[in-house]
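To start, the structure itself, in structure tokens.
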Amino acid sequence: MDQLELVDRWLLSRLAGLVRRVSAAMPEFDLGSAVDSIYQFAWHELADWYLELVKDRLEAGDEVALWITRTALVTTVTLLHPIIALPHRGPGGAVRRHPGLDGLERLARGAVRLG
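Mind the numbering: the sequence shown is residues 460 to 574 in the numbering used here, read in order.
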């Protein structure tokens, strides 16, 4: 935890809150609340705040910022999985290989350059 900056700890705490809210909404079939919580986190906390505040760190290859960004994105998609259909098979029905950290790092760096 010593390597985490305040903004890193903030996002992880917000991510934990998101997991709690969605986990509480799902058994009640409150999909509206679950989706709204995911949307609010992804757009307003992850994109508007965290990624804007750490884009220089991401561009510099900061492993902590990259790991937290990846964790937030994977967790968000995982929470969405029971709610929406996520394509996970390529042509012919074979499951595509996960891009791994290298692929996600390239995507994250590309997003920083675009924004």
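Yeah, the Cβ is synthetic: ideal placement off N, Cα and C, and Gly gets one too. Quick caveat: nothing in here was measured; it's all calculated off a predicted structure.
Three-state class that DSSP yields for residue 491 in the structure shown
helix
| Local Cβ density within 10 Å of residue 472, reported as buried at 16 or more and exposed below that | exposed
Notebook entry, point to check: Looking at residue 500 and residue 660, is the spacing between their C-beta atoms short of 8 Å?
Noted result: Outside the displayed span of the chain (460 to 574) sits residue 660, for which this structure offers no information.
_Please report the distance separating the alpha-carbon of residue 508 from that of residue 470._
9 Å
*Is there contact between the segment 477-496 and the segment 507-524, where contact requires at least three CB pairs shorter than 8 Å?*
no
* Smallest Cα separation from residue 483: which of 543, 544, 538? -> 538
Start and end residues, alpha helix (DSSP H) containing residue 515: 511-518
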